[in-house]
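To start, the structure under review is shown below, and the notes come after it.
In this note's numbering, the protein residues as written are 199 to 668.
Below, the structure written as structure tokens:
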């Protein structure tokens with residue numbers, strides 16, 4: 199399933215995880231020194247001004263007399279001795295503050311500010327290092343899709359999460375502006391209001407195009423993985439063709455496995471990135487929550503609420519749905535037995551007789567009825583949990599709402615950030631039905647692969663033929 203597509207799967211995935219952890223640690227420990235040498239943001243984004251500080255005159259430190267009038271440009275401060283501005287200075291003076299502010303800004307609030315440009319550049323450099331390593335070490339015929347393609351998909355997911363984080367910050371500003379416009383008619387300039395709307399469209403429209411391209415690329419990625427598995431299994435076909443449901447394993451299960459793993463894998467990685475990005479945001483926003491119901495004031499309160507509610511849901515659904523993977527696996531076996539008999543009946547008149555077919559279909563019916571029963575109480579628990587979890591942030595914020603300490607902008611920011619963090623924590627709870635399906639497909643393919651002779655190497659296509667076919 200994996201070695202047909204990825205080079206040295208265990209080493210490949212473990213190296214990817216270790217590289218991400220090491221790169222994250224390096225970014226926070228030595229990111230700024232590296233940035234000063236390698237980053238291109240100094241050519242693309244304005245510099246951030248240093249905090250203004252009064253420059254001393256000569257060798258004497260300056261002191262400010264309480265109540266004195268601040269000095270204006272070209273004039274001495276009140277109480278200071280008169281000096282000739284044209285007289286030569288006795289010491290080497292620093293560059294004037296006014297000149298520095300001409301080439302810098304107090305705060306860069308644009309979507310691609312200097313910090314983000316450096317962050318994206320750093321991640322791209324790490325991705326290139328990873329791809330180059332696997333190009334020279336254990337490169338296989340599917341390198342362009344398994345290594346470069348996987349890296350490209352993860353980079354696109356990371357960029358999309360960054361857009362979500364920016365939108366969350368934008369919502370705080372916009373909904374505060376909306377609250378002001380509704381509570382104080384005429385207080386918001388139309389240029390300011392429509393300017394905020396234009397900014398969100400300027401960010402979201404390119405992101406929509408990026409998501410469409412990602413979906414197109416992912417479809418090809420899944421098919422290439424399926425093709426790799428198909429080629430791998432067909433190399434052993436003489437030895438495994440008599441296995442029960444061999445045709446279905448190669449034709450259908452390879453497609454389902456590649457599609458489900460890609461979908462779950464990208465969703466899981468998106469959840470991890472979302473947690474990395476939104477956890478600090480939610481922790482900071484939790485400072486605006488005065489207290490939690492019953493518990494009172496808790497540092498980082500909403501983070502703990504999201505974590506506990508998600509953990510409860512995950513454990514609940516895992517316990518309730520513990521029988522589902524085995525039932526789905528059994529369902530495919532009885533379906534395969536019926537289908538196989540019907541296929542034989544197409545070529546032979548003495549196969550697929552009414553009594554035999556009736557018994558085989560009775561097995562299918564029995565297993566489906568068992569599935570329906572177990573899915574009934576599973577869905578009851580799943581829908582009850584998901585519906586109840588949707589109102590948890592509102593209940594957690596209720597003391598602050600009633601106390602009037604939240605603005606509409608903060609409420610939107612907190613709700614969105616809580617939804618992102620909670621949804622990431624709830625990954626296993628929300629995806630449990632898909633995980634059940636994946637487990638059943640995985641069990642069937644593992645059983646199928648157990649019939650492959652371990653001492654026999656598969657017949658591999660040449661790199662040139664793969665490149666031509668892909």
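Positions of the beta carbon are idealized from the N, C-alpha and C atoms, including for glycine.
Values in this document were obtained by computation on a predicted structure and should not be read as measured data.
| message | So, with DSSP's three-state summary, where would you put residue 493? | response | coil
| task | Kindly indicate which three-state DSSP category residue 605 falls into: helix, strand or coil? | result | coil
| request: May I have the straight-line CA-CA distance separating residue 583 from residue 528, to the nearest angstrom? | output: 28 Å
| request: Can you say whether residue 447 is buried or exposed, counting buried as having 16 or more other CB atoms within 10 angstroms of its CB? | output: buried
| Among 452, 480, 526, 326, which has the Cα closest to the Cα of residue 366? | 480
| When you compare only the Cα positions, how much space is there between residue 469 and residue 622? | 4 Å
| message | Going residue by residue through the region 361–448, where are the continuous beta strand (DSSP E) segments of at least 3 residues, counting only ones entirely within it? | response | none
| For residue 569, which residues of its own chain have a beta-carbon under 7 Å away from its beta-carbon, when the five flanking residues on both sides are left out? | 525, 529
| message | I'd like to know whether the C-beta atoms of residue 369 and residue 618 end up nearer to each other than 8 Å. | response | no
| said: Within 10 Å of its beta-carbon, does residue 558 have 16 or more other beta-carbons around it, so buried, or fewer, so exposed? | reply: buried
| field | Same chain, Cβ closer than 8 Å to residue 491, neighbours up to 5 away in sequence not counted | value | 593, 594, 596, 597
| request: Report the residue from 393, 317, 633 whose alpha carbon sits nearest the alpha carbon of residue 457. | output: 633
| For residue 200, which residues of its own chain have a beta-carbon under 8 Å away from its beta-carbon, when the five flanking residues on both sides are left out? | 207
| Nearest to residue 467 by alpha carbon, out of 475, 510, 355, 417? | 355
| query | When the Cα atoms are used, what is the spatial distance from residue 511 to residue 339? | reply | 42 Å
| said: Starting from residue 669, trace the alpha helix (DSSP H) in both directions and tell me its first and last residue. | reply: Outside the displayed range of the chain (199 to 668) lies residue 669, so it cannot be described from this structure.
| message | For a test of the three-state rule: what should DSSP assign to residue 320, helix, strand or coil? | response | helix
| Neighbour-count burial assignment, residue 548, 16 or more Cβ in a 10 Å radius | exposed
| field | Cutoff 7 Å; reference residue 416; Cβ partners in own chain excluding five residues on either side | value | 351, 460
| message | Measuring only the C-alpha atoms, how far is residue 202 from residue 566? | response | 33 Å
| query | Which residues in the same chain have their Cβ closer than 7 Å to the Cβ of residue 319, if we skip the five residues on either side of it in sequence? | reply | 237, 238
| For residue 500 versus residue 616, is the C-beta distance shorter than 8 Å? | yes
| Hey, quick one: how far does the alpha helix (DSSP H) through residue 336 stretch, first residue to last? | Note, residue 336: premise wrong, no alpha helix (DSSP H); not H, not E.
| request: Could you have a look at residue 651 and say whether DSSP puts it in helix, strand or coil? | output: coil
| field | C-beta contact flag for residue 507 and residue 587 at 8 Å | value | yes
| Are residue 391 and residue 403 close, meaning C-beta to C-beta below 8 Å? | no
| request: Grab the span of the alpha helix (DSSP H) containing residue 200 for me, first residue to last. | output: From DSSP, residue 200 is part of no alpha helix (DSSP H); its letter is neither H nor E.
| field | Three-state secondary structure assigned by DSSP to residue 589 | value | coil
| Rounded straight-line distance, which links the Cα of residue 381 to that of residue 344 | 55 Å
| query | Does the distance from the CB of residue 601 to the CB of residue 488 come in under 8 Å? | reply | yes
| field | Helix, strand or coil at residue 561 according to DSSP, with G and I counted as helix | value | helix
| Who are the near neighbours of residue 144 in its chain, counting only those whose CB is closer than 7 Å to its CB and skipping five residues on each side? | The displayed coordinates of the chain run from 199 to 668. Any statement about residue 144 would go beyond what the structure contains.
| field | Unbroken alpha helix (DSSP H) run spanning residue 231, endpoints | value | 207–236
| Cβ shell of residue 163 (< 7 Å), same chain only, five flanking positions each side left out | Residue 163 lies beyond the stretch modelled for the chain, which goes from 199 to 668, so this question has no answer here.
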